[in-house]
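Participant: For the record, in the sequence shown the residue sitting at position 545 is 1094 according to this note's numbering, with numbers rising by one throughout.
All C-beta atoms in this analysis are idealised placements derived from N, C-alpha and C, irrespective of residue type, glycine included.
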Amino acid sequence: MDSQSIVSILMIIATFGLYIGISIYNRAKATSDFYVASRGVPPFWNGMAIGGDWMSAASFIGMAGTLMILGYDGLAYIMGWTGGYLFLTFLLAPQLRKYGRYTVPEFIGDRFDSNAARLIAAIATIIISFVYIIGQLSGSGVVIGRILNIESMYGTMIGVVIIAIYATLGGMKGITWTQVAQYIILIIAYIIPIVFMSLQVTGNPMPWLTYGNVVTQLGELDKELGISEYFAPFAQSDKAQFVALLFTLMVGTAALPHVIVRFYTVSTMKAARWSGAWALLFIALLYLSAPAYAAFSRFILMTQVAGSPIDNLPAWTTSWVDTGRLKVADENGDGVLQWEEIVISNDIVVMATPEIANLGMFVIGLVAAGAMAAALSTAGGLLITISSSFAHDIYYRLMNPQASDKRRLAAGRWAIVLSTIVAGVVALDPPGVITQIVAWAFAIAGGTFFPVLLLGVWWKRCNAKGAIAGMLSGLFVTITYILLARQGITIFGILDTGAGIIGVPVNLIVTYLVSKATAAPSQRIQDEVIDLRYPEQMTYKDGEVWMDESAGK
């Protein structure tokens, strides 16, 4: 094992020890700790935890790589994910927090007074979270595989064990504070390399101000090589796919169960709104940096690696070729590595670039620790969501309402262990790159939940039969389209990653039509829906808005 691998391992072990210590210190002792951190997290720290939860392996590992490969077309990911948080913060999160439940399935079950709706929502939540966590486990495999110089699939196996141990300890209370620590580590690990690359390439330590000039130079290099320009729009995809992906990621963000549950950990509607505002700030730090990371990475590859003699490539190429994520071959036999002869996976760009730019062992190790922090933070939130959907919504609310806290916590922890193992088996041979797998989870979340949550909060006439029909139709259509698109059967050229634009309208129309064709919900439920729109000190009663008792009517 080389010295670089040893440094990376030591940094990951140190940060992992920190996470375990935080989890043990904040160990869940009751179900309210395990699922919603006793609703006592301050908005600032909850916003940072949301940022850590959100900065998954897809964002940390896959985002810059996707932008480097796709250029302009990759911006749909940044625009969609950011826009979705605005939907969530203003349209859903405060209202869902006021309803006072633990999970999305519990809100749906109680809002529509239907155990059938609760069960469908719980199963859909498990499917969404399961698909999403495959991407996180695949990301951990990339990191561990490079450090140990082994195939990524073996790195994934190690990651499965680490994540299963970490997530079962603290529940939501422990995960909240570990996600705060993970966000701090990952954002430092993401920004430091681009600061050094900016200094290296431009002499200026402010990459956000300098990468525009680098993009211009990339365009000139592309013209020389006769390939599509890096910043030319719709070079890698057509407009329909760009819009479909943008829409899918926006509605998916607003409907992801593991993101929504973070807003349940604060005390009030106002705190939920402020959590969303802080989260946007913390998320923006990475998303404004990803295009710079992509531009510098591509520039260094094109100017310092492409054009090198094939028998005198840098040492880092051998290490990454061993992981199976990088291919270099002298296809034209001229003894020189051409740009077109470099096949680099989206998923290794962030991890490989510090080595490519020769930034030193400490920075390379820091990026490895940051990547693991990103994968762990999101995996923890996803596993808690899977756990709560099974242990709380299915086991406790449907199967055994008399279950003690001890039995419910045990069921939740077993759900975490089993789901991690099953997802890990699938992640050994992932069905796509990380950002692609994650986009499927967003498509399924949007197609299943977004219309039902939106109408459930803002349309009092929406009823159980409409919600059930909408969720089932949206889930079926979205998954079917993903499978068909994978086989090359598409509508208007929309790929599998844009399936949400097919599933969401179907769900919305079916929910509306079935609700209108069947009996309205009870007056009690309709009053509860209207009440959601008012701040906590106000309530809706007998057709009028009332202040709390101390303030009078």
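1) Please determine if the segment 609-629 and the segment 827-841 are in contact, where contact requires at least 3 C-beta pairs separated by less than 8 Å.
2) Looking only at its own chain, which residues have a Cβ that is under 7 Å from the Cβ of residue 1011, when we skip the five neighbours before and after it?
3) Here's the rule: buried if 16 or more other CB atoms are within 10 angstroms of the residue's CB, otherwise exposed. What is residue 762?
4) How should residue 1073 be labelled, buried or exposed, when 16 other C-beta atoms within 10 angstroms of its C-beta is the threshold for buried?
5) Just the Cα atoms here: how many angstroms apart are residue 681 and residue 797?
6) Tell me which residues share the same chain as residue 971 and place their Cβ nearer than 8 Å to its Cβ, disregarding the 5 neighbours each side in the sequence.
7) Which ranges does the beta strand (DSSP E) cover as unbroken runs of at least 3 residues, wholly within the segment 962-1027, from first to last along the chain?
8) With a CB to CB cut of under 7 Å and the five nearest residues on each side skipped, what residues in its chain are close to residue 528?
9) Let's see if you can read the secondary structure: which residues bound the beta strand (DSSP E) around residue 619?
10) Please list the terminal residues of the continuous alpha helix (DSSP H) segment that includes residue 1059.
11) Enumerated in chain order, which unbroken segments of the beta strand (DSSP E) with a length of 3 residues or greater are wholly contained in the segment 889-960?
12) Buried or exposed for residue 562, please, with buried defined as at least 16 other CB atoms from any protein chain shown within 10 angstroms of its CB.
13) Leaving out five residues on either side along the sequence, give the residues of the same chain with a beta carbon under 6 Å from the beta carbon of residue 822.
14) Using three-state DSSP, classify residue 1078 as helix, strand or coil.
15) Could you tell me if residue 936 is buried or exposed, where buried requires 16 or more neighbouring beta carbons within 10 angstroms of its beta carbon?
16) Check whether chain C comes within 8 Å of residue 809, counting only Cβ atoms and requiring the distance to be less than that.
17) Given this structure, state the Cα-to-Cα distance separating residue 705 from residue 713, to the nearest angstrom.
18) Assign residue 753 to one of two classes, buried (16 or more other C-beta atoms within 10 Å of its C-beta) or exposed (fewer than that).
19) Using the rule of at least 16 other Cβ atoms within 10 Å of the residue's Cβ for burial, across every protein chain shown, is residue 809 buried or exposed?
20) Under three-state DSSP, which class holds residue 885?
21) Go ahead and pull the three-state DSSP assignment for residue 563.
22) For the alpha helix (DSSP H) containing residue 635, list its first residue and its last residue.
23) Have a look at residue 1001 and residue 669 and give me their C-alpha separation to the nearest angstrom.
24) If we ignore side chains and look at the alpha-carbon of each, how far apart do residue 514 and residue 614 end up?
Facilitator: From the atom records:
1) yes
2) 1004, 1005, 1060 and 1064
3) exposed
4) Residue 1073 comes out exposed.
5) 15 Å
6) So the qualifying residues of the chain are 679.
7) none
8) The structure shown does not extend to residue 528, since the chain is modelled only from 550 through 1102, so no value can be given for it.
9) Per DSSP, residue 619 belongs to no beta strand (DSSP E); it is in the alpha helix (DSSP H), 612-619.
10) From DSSP, the alpha helix (DSSP H) with residue 1059 extends over 1049-1066.
11) 891-893
12) Result: exposed.
13) Hits under 6 Å: 643.
14) helix
15) buried
16) The displayed structure is made up of one protein chain only, and chain C is not part of it.
17) Rounded to the nearest angstrom, the gap between the Cα atoms of residue 705 and residue 713 is 12 Å.
18) exposed
19) With 16 or more other Cβ atoms within 10 Å, it is buried.
20) strand
21) helix
22) 624-636
23) For residue 1001 and residue 669, the gap between their C-alpha atoms comes out near 12 Å.
24) In the structure as shown, the chain begins at 550 and stops at 1102. Residue 514 is therefore absent and cannot be evaluated.
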